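Participant: To convert, take the position in the sequence shown, counting from 1, and add 131; that gives the working numbering.
Ideal placement from N, C-alpha and C gives every residue a C-beta, glycine not left out.
Note that this is a predicted model, so its numbers are computed, not measured.
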Amino acid sequence: MTQHYPQGLDSHLKSWLYASGSLTQQLTQLAGGQFRVEPLQESFQRMQRQDSLWLNMPHQHTAWVREVFLYGCEAEPWVRAKSIFPILSLQGKARRFRHLGQRPIGHYLFQRTTPHCERRILHLNEGWTRQSCYTWHGCKFIVQETFLPAFERFIQTLR
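1) With distances taken from CA atoms, which of M178, A206, F200 is nearest L219?
2) Quick one: residues in its chain with C-beta nearer than 7 Å to the C-beta of V199, no 5 flanking neighbours on either side, listed in chain order?
3) To which residues does DSSP link P246 through a beta bridge?
4) So, at 6 Å on beta carbons, what are the nonlocal neighbours of H190 in its own chain, with the 5 sequence-adjacent residues on each side left out?
5) Check E169 in the structure and name its three-state DSSP category.
6) Measure the C-alpha to C-alpha separation of T193 and R290 and round it to an integer number of angstroms.
7) From which residue to which residue does the beta strand (DSSP E) around S153 run?
8) Which of the three DSSP states, helix, strand or coil, is assigned to W185?
9) Counting C-beta neighbours from all protein chains within 10 Å, is the total for E276 16 or more, i.e. buried, or is it exposed?
10) Tell me whether the beta-carbon of L231 lies closer than 8 Å to the beta-carbon of R197.
11) Would you identify the three-state DSSP class for P280, choosing helix, strand or coil?
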């Protein structure tokens, strides 16, 4: 199968955007065991149209939205992450996602399971972004991860 990568995407970042598995684990390994989550905001919000379409839910549906910075071994954040959990998805095991605090989603999402994932790559003002639509224990939600300039600079030094 041939993959077509967006124009302007450097090869050093491509592997991060298309990697499967836990970004938490991958960043922790890259940072020599250092990793932390800084919550920015959590609230109920009306879903944006493109997100509700991807999740096959009504546009007026409400979601629990969590935004965080992910840090590796540097003072600047490496990733800005946004998670969108439709209220209907916050049932059963997924209830814990509403009360993560400083814990990463990946700690639960990839624990003894490999969730189904659909992914799209785009370039936002903040940087290259991967959006993943996960199905985990029957719950569907979106995790958006934007790789910030500090991360790009860090991985370029490893070449």
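Facilitator: The relevant details are as follows:
1) The residue you call residue 219 lines up with position 88 of the sequence shown. Measuring from the Cα of L219, the nearest candidate turns out to be M178.
2) For this step, residue 199 is matched to residue 68 along the sequence shown. Correct list, in chain order: V168, E169, P170, L171, A212.
3) On the sequence shown, position 115 is the one that residue 246 refers to. Looking at the DSSP assignment, P246 forms no beta bridge with any residue, so it has no partner.
4) Mapped onto the sequence shown, residue 190 falls at position 59. Correct list, in chain order: R180, S183.
5) As a first step, residue 169 must be located in the sequence shown, where it is residue number 38. Of the three classes helix, strand and coil, the one that applies to E169 here is strand, per DSSP.
6) Start at 1 with the first residue of the sequence shown, and residue 193 comes out as number 62. Start at 1 with the first residue of the sequence shown, and residue 290 comes out as number 159. So the alpha carbons of these two residues sit roughly 43 Å apart.
7) Within the sequence shown, numbered from 1, the residue matching residue 153 stands at position 22. Careful: S153 lies outside any beta strand (DSSP E) and carries neither H nor E.
8) Position 54 of the sequence shown, counted from the start, is the residue given in the question as residue 185. In this structure, W185 counts as helix in the three-state DSSP scheme.
9) One-based indexing of the sequence shown puts residue 276 at position 145. Result: buried.
10) As a position in the sequence shown, residue 231 is number 100, starting the count at 1. As a position in the sequence shown, residue 197 is number 66, starting the count at 1. Going by C-beta atoms, L231 is nearer than 8 Å to R197.
11) Taking the first residue of the sequence shown as position 1, residue 280 is located at position 149. The answer is helix: DSSP assigns P280 an H, G or I state.
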